[in-house]
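Okay, so the sequence shown: first residue is 3 according to this note's numbering, each after it adds one. Beta carbons: idealized from backbone N, C-alpha and C, even for Gly. None of these values were measured; they are calculated from a predicted model. What follows is one structure encoded as structure tokens, with my remarks underneath.
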Amino acid sequence: MDIAGPAFVWGITAVTAVVLLIAIFILPRHRGPGIGKYLTQAIALIVSVLLCISTIGAWLNKENQWFTSWQEIVSPETAQDASTQDYGAKETKASATVPAVEQVATAVQKNPASNSFFGSQLSQDDSKGQYVKFDVPGSVSGKTMSVTAWLPPGYMSNPDKFYPVIMGFPGFPGSPDTYQNTIDYGALLRDKNTSGNLANTILIVPDVYPGNYDSECVDASGDNTPHTETFVTQDLVPWIKTNLRVIDSKDAWATTGYSAGGWCASMFTVKHPDIFSAALVQAGYFEPIYSDNQKWLDDHDPNYMLPDIVSRTKPDVGIFFYTSDDDDLPKDTLPAFRKAVQAPTELTISTVPTGGHRVEVWVPGINLGLDWLAQRSGYFAK
């Protein structure tokens with residue numbers, strides 16, 4: 003049974019309404035003697051409360067597509083084999099030998115503990131890597147944004163080493179805390195380096211959806227509207243290159259994102275192939291989906307219609323897209339984007355049969371995407 007479908011949701015709503023009416027209006031009129039009637043009323047009220055909670059959960063699940071079957075609730079960690087299809091540039095770029103990085107670290111880059119942005123957060127014991135939080139002021143965008151970074155093992159003790167970068171974008175509502183606490187993306191990167199083929203990598207996660215502010219990562223006019231695209235590309239990227247030891251090559255820069263963050267990751271990579279060469283997307287979409295009362299631009303604004311943009315500009319980038327077949331969010335825009343992709347743009351779509359729209363489904367896809375990235379770019383290969 004599709005527990006996110008209207009039949010189930012309306013069915014449990016109707017049952018709840020009937021039981022609630024019985025518990026409130028019918029059972030109290032029962033005049034039978036003894037304690038039995040009071041026990042019946044108590045049980046009916048308890049059942050009513052449980053059904054009300056279940057009904058609220060069912061409607062929330064319908065809106066968010068967290069689960070689509072009982073099996074996903076009973077066995078959420080069941081492994082599934084992913085099927086993969088390539089579009090555009092059919093062959094993934096080989097991990098060619100990468101020229102030695104000839105960058106020279108500045109004093110600020112060599113000694114991050116002296117950087118006022120980080121304060122006293124950094125530990126000299128970086129054997130396991132570490133997260134750090136800071137605010138980045140945007141001189142071009144006029145915005146200031148909170149940013150979370152993961153510095154890989156050895157970053158503090160190797161002051162002349164430069165690293166590739168993945169910039170992550172959370173879904174909406176959401177925050178960088180999902181990357182740090184729920185997913186622990188830093189641990190995934192560390193494990194892929196320890197037991198896989200991924201080079202030690204820096205993760206940068208800007209808070210593009212603070213609170214209930216649905217920026218959709220776009221630029222719009224006006225002081226109280228998002229200038230997120232400008233902030234990321236013209237404020238944050240230069241800040242990273244100035245303050246952290248990152249490889250200054252687009253082939254050493256990638257994006258990642260889930261849900262609304264997947265839209266951001268695709269958008270930044272497609273529109274800014276001079277900065278990013280690849281995107282790892284989990285159940286995203288390819289044109290903005292605005293929240294109520296936060297519609298910053300007209301529908302189908304040509305500046306953010308990725309199928310049209312990728313067809314017209316044919317950026318030399320790769321996108322690894324991962325989703326479950328029963329997740330409805332990507333279905334409106336993925337077919338058009340897939341059809342628009344042409345070489346040299348590369349699109350790999352990896353799907354699993356079930357899972358809905360939730361983090362537990364995406365983590366295996368993140369791992370597959372990191373493997374794909376290490377194979378595609380020598381900068382990310384160990």
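request  = Kindly list the residues whose CB is nearer than 6 Å to the CB of leucine 372, restricted to its own chain and excluding five residues on each side of it in sequence; keep chain order.
outcome  = Close CB contacts of leucine 372 within its chain, under the 6 Å cut and outside five residues either way in sequence, are with Lys194 and Leu200 (chain order).
key: Bridge partner(s) assigned by DSSP for phenylalanine 323   = Answer is Val283 and Ile351.
query = For the 8 Å Cβ check, are there 3 or more pairs between the stretch 268 to 285 and the stretch 184 to 191?
reply = no
inquiry  = Please return the same chain residues whose Cβ sits closer than 8 Å to the Cβ of threonine 146, not counting the five positions on each side in sequence.
reply    = Asp137, Val138, Pro139 and Gly140
ask   = What residue does the alpha helix (DSSP H) around aspartate 310 start on, and which one ends it?
value = 308 to 315
key: Spatially closest choice to tyrosine 306 from Asp328, Asp330 and Phe339, by CA coordinates   = Phe339
inquiry  = For alanine 342 and glutamate 348, what's the separation of their Cα atoms in angstroms?
reply    = 11 Å
task = Can you grab the Cα-Cα spacing for the pair phenylalanine 270 / cysteine 219, in whole Å?
result = As the crow flies, the alpha-carbon of phenylalanine 270 is around 9 Å from that of cysteine 219.
inquiry  = Relative to the C-alpha of threonine 315, which candidate in Gln296, Asp327, Trp298 and Pro346 has its C-alpha closest?
reply    = Pro346
ask   = From glutamine 111 to aspartate 300, what does the alpha carbon distance come to, in whole angstroms?
value = 42 Å
ask   = Near proline 155, which residues of its chain fall below 7 Å by C-beta distance, leaving aside the five closest residues on each side in sequence?
value = Counting only Cβ-Cβ distances below 7 Å, and skipping sequence neighbours, we find Asp128, Ser129, Lys130, Gly131, Arg192 and Asn202.
key: Under 8 Å between C-beta atoms of leucine 238 and valine 272   = It is not a contact, given that the beta carbons lie outside the stated cut-off.
ask   = What residues in its chain sit with their C-beta under 8 Å from that of proline 355, if we drop five residues either side in the sequence?
value = Gln82, Ser326, Asp327 and Asp328
inquiry  = On the CB-based measure, 16 or more other CB atoms within 10 Å of its CB, does valine 149 come out buried or exposed?
reply    = With 16 or more other Cβ atoms from the protein chains shown falling within 10 Å of its own Cβ, valine 149 counts as buried.
key: aspartate 162 - DSSP class collapsed to helix/strand/coil   = coil
ask   = With 16 other CB atoms within 10 Å as the buried threshold, where does threonine 250 fall?
value = The amino acid at residue 250 is misidentified as threonine; the sequence shows aspartate. Under this definition aspartate 250 is an exposed residue.
query = Between phenylalanine 171 and valine 103, which are expected to be in contact by the criterion C-beta below 8 Å, what is the C-beta distance as a whole number of angstroms?
reply = Not really, about 26 Å apart at Cβ, beyond 8 Å.
ask   = Can you tell which of Gln284, Ala254, Leu375 and Phe174 has its C-alpha closest to the C-alpha of valine 100?
value = Ala254
ask   = Taking the Cβ atom as the reference point for each residue, do threonine 258 and isoleucine 351 lie within a distance shorter than 8 Å?
value = no
DSSP state of valine 167 mapped onto helix, strand, coil = strand
query = Taking the DSSP output, what are the residues bridged to serine 223?
reply = DSSP lists no partner for serine 223.
key: Rounded Cβ spacing between threonine 353 and alanine 115 (contact assumed at less than 8 Å)   = So it is not a contact: roughly 44 Å between Cβ atoms.
message = Between alanine 44 and isoleucine 24, how many whole angstroms is the CB-CB distance? I'm expecting something under 8 Å.
response = Contact flag wrong, Cβ pair sits at about 13 Å.
Neighbourhood of asparagine 245 by C-beta distance below 8 Å, restricted to the same chain and skipping five residues each side = Correct list, in chain order: Val110, Gln111, Pro114, Asn117 and Phe119.
ask   = Taking the alpha carbon of threonine 15 as the point to measure from, which residue in Leu41, Lys384 and Ser50 has its own alpha carbon closest?
value = Ser50
message = Helix, strand or coil, according to DSSP, for lysine 135 in the structure here?
response = strand
ask   = Helix, strand or coil: which one does DSSP assign to glutamine 236?
value = helix
task = Could you pull the start and end residues of the alpha helix (DSSP H) that tryptophan 298 belongs to?
result = Here tryptophan 298 belongs to no alpha helix (DSSP H), and DSSP marks it neither H nor E.
query = What are the boundary residues of the beta strand (DSSP E) that includes leucine 331?
reply = Where leucine 331 is concerned, there is no enclosing beta strand (DSSP E), given that its DSSP letter is neither H nor E.
query = Are the beta-carbon atoms belonging to serine 261 and glycine 380 less than 8 Å from one another?
reply = no
query = Hey, valine 361 and isoleucine 185: beta-carbon distance below 8 Å or not?
reply = yes
ask   = Mind checking whether tyrosine 133 and alanine 107 have CB atoms under 8 Å apart?
value = no
query = Which term fits glycine 358, buried or exposed, when burial requires 16 or more other beta carbons within 10 angstroms of its beta carbon?
reply = buried
message = Just to confirm, is the Cβ distance from tyrosine 287 to tryptophan 265 under 8 Å?
response = Cβ distance < 8 Å, so tyrosine 287 and tryptophan 265 count as in contact.
ask   = If you count every other CB in all the chains shown that lies within 10 Å of the CB of serine 122, and 16 or more means buried, which is it?
value = exposed
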